[in-house]
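Numbering (full-length UniProt numbering), first residue to last: 1 to 268.
Encoded structure:
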């Protein structure tokens, strides 16, 4: 089966599965966005083994085409910037798409429902991670939250499989939402996100974790302060941890500049 044939099959299956979109006509140029949208809006529920097999083959081929980046090929901040702090051989700064990273775990900035983003093709990292992982990730999150019996608290974290992502696990954490003025409580909650993720990773015996810029997007946490908290919290944690590598993953040029400044200044 070619990628084009897989794409046609997946769109047709999800359209028929949805009822609302049965018989949907899709322009050829819009098919990939349509598939992602159908995956985004789909509630947890049973799909056929054939669908999962074809979806997984499609997404794994896409991951290969995007280019998988192994953590061992990402320079440390000592190698990249000449920073000589005590943790400089265990911290990296990398700009790019977090769904390309082959690490033990990547961190997802989730919401309290922990089911991923339901907005079609939304630009948040939650949407990107679920879209690249496949619908199995939402299924596992749904089972996890059913067992939990309530929404995830801010500052806490959960761990799931990664499915079609090149990492082994996904750490889902709920960051604070800043509606108006930033408070000390917001800052403590954000620090707790990093601690919760690192604690879960260590419980699982993981050796490498890639953090996104938690809460700085849709949740409006100021970027510079968020980076300061991230660097300080991770630096302190590494002082009593066997974690081998922590990657600060940024996507925007602004965040790259901020992290470079803070890592050089604080010499972690």
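No residue lacks a Cβ here, since even glycine has one placed at the ideal position from N, Cα and C.
Remember, predicted model here, so these are calculated numbers, not experimental data.
> Closer than 7 Å: is that where the CB of residue 83 sits relative to any heavy atom of the ligand ATP?
Replying inline: Among the components modelled here there is no ligand, and therefore nothing to report on the ligand ATP.
> With 16 as the cutoff for other CB atoms within 10 Å, does residue 138 come out buried or exposed?
Replying inline: Taking every protein chain shown into account, the CB of residue 138 has 16 or more other CB atoms within 10 angstroms, so this residue is buried.
>> Using 8 Å as the threshold, is the C-beta distance between residue 230 and residue 258 below it?
In response: No, they are not a contact pair.
> Straight-line CA distance for residue 81 to residue 16?
Replying inline: In a straight line, the C-alpha of residue 81 is about 53 Å away from that of residue 16.
> For the 8 Å Cβ check, are there 3 or more pairs between the stretch 101–111 and the stretch 162–179?
Replying inline: Contact check between the stretch 101–111 and the stretch 162–179: three or more CB pairs, one atom from each, fall below 8 Å, which counts as touching.
> What are the start and end residues of each continuous beta strand (DSSP E) run of 3 or more residues lying completely inside the stretch 189–258, in chain order?
Replying inline: Considered as a whole, the stretch 189–258 harbours 208–211, 245–250 as its complete beta strand (DSSP E) runs of no fewer than 3 residues, in chain order.
>> If I follow the unbroken alpha helix (DSSP H) through residue 54, where does it start and stop?
In response: Per DSSP, residue 54 belongs to the alpha helix (DSSP H) from 49–66.
>> Can you tell me whether residue 119 is helix, strand or coil according to DSSP?
In response: The answer is coil: DSSP assigns residue 119 none of H, G, I, E or B.
> Near residue 220, which residues of its chain fall below 6 Å by C-beta distance, leaving aside the five closest residues on each side in sequence?
Replying inline: Excluding five sequence positions before and after residue 220, the CB atoms of its chain that fall closer than 6 Å to its own CB belong to 178, given in chain order.
>> Looking at the secondary structure, which residues open and close the beta strand (DSSP E) in which residue 179 lies?
In response: For residue 179, no beta strand (DSSP E) run applies, since DSSP gives it neither H nor E.
> Where does residue 103 sit, in a helix, a strand or coil, going by DSSP?
Replying inline: Annotated three-state conformation of residue 103 is coil, per DSSP.
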